[in-house]
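Sequence lines, in order, name chains A and B. Each residue of the first sequence is one higher than the last, beginning at 1 in the numbering used here. Each residue of the second sequence is one higher than the last, beginning at 1 in the numbering used here. Positions of the beta carbon are idealized from the N, C-alpha and C atoms, including for glycine. Keep in mind the model is a prediction, meaning the values are calculated, not measured. Below is one structure, written out as structure tokens, with a few remarks after it.
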Amino acid sequence: DAGVIQSPRHEVTEMGQEVTLRCKPISGHDYLFWYRQTMMRGLELLIYFNNNVPIDDSGMPEDRFSAKMPNASFSTLKIQPSEPRDSAVYFCASSFKYSNQPQHFGDGTRLSIL
Amino acid sequence: RKEVEQDPGPFNVPEGATVAFNCTYSNSASQSFFWYRQDCRKEPKLLMSVYSSGNEDGRFTAQLNRASQYISLLIRDSKLSDSATYLCVVISGAGNNRKLIWGLGTSLAVNP
């Protein structure tokens, strides 16, 4: 079975550019999560969706970040304009339920903003 | 106090040793707990859920202590392949007010 698929795996771009990260969750999962991981702050939940609807975006750092889920099989996380402090690994995860089912993570996108 | 805290380590142990990690949480209403494992430059992967009565999976035992608000992970007969970072995650609240908080992880190095 296909797991959570993220693209691109790596992204290097200059500050000020728009960055779009993509995620395809596991088919049948109704929760989708976007995370950012850095050495200093660990794994931070940015936003999560339930049945394509954003439920909690309190972790989104600022207005430069936006996320959409137009259908059950696709989500994007966009940063515009990007800044060097946005450099991190961004993970997408999906799960069947929120509380008592495990989250399955994609391979992540390693983002470097120069 | 952080909502979820872990000793970052690193824990350096020889093969065959028994090692235990704790993860403390501040919200007494927390209801779901998990341990994940993350290898270097990889994604987190579920190791095990933590049940109120404690649970075991092979060499791994997870326990919950609600009175002292911590969960633990015990690894017996450690293997070189157990070297990784172990993350705990705590879920509290209900409905759309649920909060999911990850610890920063505990690094384990098992040495030959």
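Do the stretch 12 to 32 of chain B and the stretch 78 to 97 of chain B touch if we need at least three Cβ pairs shorter than 8 Å?
-> Touching, yes, given that three or more Cβ pairs across the two stretches are closer than 8 Å.
Pick helix, strand or coil for P44/B, following the three-state DSSP scheme.
-> To locate residue 44/B, count along the second sequence from 1; it is residue 44. In this structure, P44/B counts as strand in the three-state DSSP scheme.
Cβ of F74/A within 9 Å of Cβ of R36/A?
-> What you label residue 74/A is simply residue 74 of the first sequence in a count that begins at 1. What you label residue 36/A is simply residue 36 of the first sequence in a count that begins at 1. No, the pair does not count as a contact, with Cβ atoms beyond the cut-off.
Residue range of the beta strand (DSSP E) that K68/A falls in?
-> Within the first sequence, residue 68/A is the residue found at index 68, counting from 1. Element bounds for K68/A: 65 to 71.
Could you check the C-alpha separation between A2/A and P8/A for me, to the nearest Å?
-> As a working mapping, residue 2/A is identified with position 2 in the first sequence. As a working mapping, residue 8/A is identified with position 8 in the first sequence. C-alpha separation (whole angstroms): 17 Å.
List, in order along the chain, the chain A residues whose C-beta lies closer than 7 Å to that of L100/B?
-> For the purposes of this step, residue 100/B is taken as residue 100 along the second sequence, with counting starting at 1. Correct list: L45.
Selected residue, minimal CA-CA separation from H29/A, among E14/A, Q80/A, H104/A | By one-based count along the first sequence, residue 29/A stands at place 29. Comparing alpha-carbon positions, the option among E14/A, Q80/A, H104/A lying closest to H29/A turns out to be H104/A.
Assign S112/A to one of three DSSP states: helix, strand, or coil.
-> Reading the first sequence from its first residue, position 112 is the one you call residue 112/A. Assignment of S112/A by DSSP, reduced to helix, strand and coil, places it in the strand class.
Whole-angstrom distance between S68/B and E43/B, CA atom to CA atom = Taking the second sequence and counting its residues from 1, the one referred to as residue 43/B is at position 43. Taking the second sequence and counting its residues from 1, the one referred to as residue 68/B is at position 68. Between E43/B and S68/B, the C-alpha separation is close to 30 Å.
Where does N27/B sit, in a helix, a strand or coil, going by DSSP?
-> Along the second sequence, one-based indexing puts residue 27/B at 27. In the structure shown, N27/B sits in coil (DSSP, three-state: anything other than H, G, I, E or B).
Amino acids of chain A, ordered along the chain, whose beta-carbon sits closer than 7 Å to that of L104/B | Along the second sequence, read from residue 1 onward, the residue named residue 104/B stands at position 104. Here the neighbours are G42.
Which listed residue (G16/B, R1/B, V110/B, A20/B) has its alpha carbon closest to that of Q63/B = Locating residue 63/B in the second sequence gives position 63, where the first residue counts as 1. The shortest C-alpha to C-alpha distance from Q63/B to any of G16/B, R1/B, V110/B, A20/B is the one to A20/B.
CB contact check: H104/A to chain B, cutoff 9 Å | For the purposes of this step, residue 104/A is identified with residue 104 of the first sequence, where counting begins at 1. Chain B, which has a Cβ nearer than 9 Å to the Cβ of H104/A, makes this yes.
Quick one: is G16/B buried, meaning 16 or more other Cβ sit within 10 Å of its Cβ, or exposed?
-> Along the second sequence, read from residue 1 onward, the residue named residue 16/B stands at position 16. Counting of Cβ neighbours within 10 angstroms places G16/B among the exposed residues, the total staying below 16.
Going by beta carbon distance, what residues of the same chain come within less than 6 Å of S107/B, once the five residues before and after it are set aside?
-> As a position in the second sequence, residue 107/B is number 107, starting the count at 1. In chain order, G9, P10, T85 place their CB closer than 6 Å to the CB of S107/B, counting only its own chain and leaving out the 5 sequence neighbours on each side.
Just the chain A side, please: which residues come within less than 9 Å of L87/B by C-beta, in chain order?
-> By 1-based counting over the second sequence, the position of residue 87/B is 87. Under the 9 Å cutoff, chain A gives G42, L43.
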